[in-house]
Amino acid sequence: MSDRLPLLPRHGDDPGEAWAEALLEPLRLEEIACDIAPSVMARVAAERVAVRPLPAILARPRLLWAACVPAGIASLAFLTIICLGLGRAAAGGAAPGGALAALLPRLIRLVGERLAAAAGFVVTIAAPLLRAAWALVDTLAPLLRGAGLVAAATGLLSIVISLYVFGHYRGTAPQAGAASGILPHGGTPR
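Residue numbers (my numbering): 22 to 211.
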C-alpha cells in the first residue's frame, strides 16, 4: 500500500484531487443489487399463518341468527325451571331462595354506588373539558357574530343584485303571447 497513494495524507499536506480520485475509484466500480422488497414480501408470505376457513355454522350468519332464537328461549326456560324449583322446594330450597331475595337489595345498592362513582369520575374528567370548550366559544363569539353579520350582508347584497337583474331584464324582455311571436310556454309559433 505504500507504493500506491497513501490512505491518509500527512498532516498539513494537501493531497489534491488526484489523491481523492484514486481513493474513491474502487468505490465507483462497486455495484449493489438492491432488490429488497421482493425478498421481504416473500419472507412475509412464508411466515404468514394460513387463514383457516370458518366453521360451517359461522360461515352462514343467517343460520347463526336463526339458531340464537331457540337457544335464547331454551335458556329462559331453563332459568325459569330452576327458579320455580327453588321457590317450591320445602326446607332445602327455601333457604337459597330467601338468601337470594335478601341479597337482591344489597346488590342493587352496590351497583348503584358503583354507577354513581363512575359517573362522578366521568364528571370530574368532563367538567374541565366543558369549561375549556365554553371559554373557547365565549372567546370566539365576537368573531362568529362578525362572520354572521358579513354573511347576512352578503346574502342581502345578493338578493338586491338579483332583484335588479330580474327587474331590468323583465322590463326589456319581449311580452309573452302570440302577438309578439313568443308563446307563453317559451316556444315560437310555426
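Beta carbons: idealized from backbone N, C-alpha and C, even for Gly.
- DSSP places Glu52 outside both helix and strand once states are collapsed to three, so it counts as coil.
- In the DSSP annotation of this structure, the continuous segment of the alpha helix (DSSP H) that includes Pro59 starts and ends at Ile57 to Glu68.
- Excluding five sequence positions before and after Ala173, none of the CB atoms of its chain fall closer than 6 Å to its own CB.
- In the structure shown, Val72 falls within a coil segment according to DSSP collapsed to helix, strand and coil.
- If you draw a straight line from the Cα of Val90 to the Cα of Ala98, it comes to about 12 Å.
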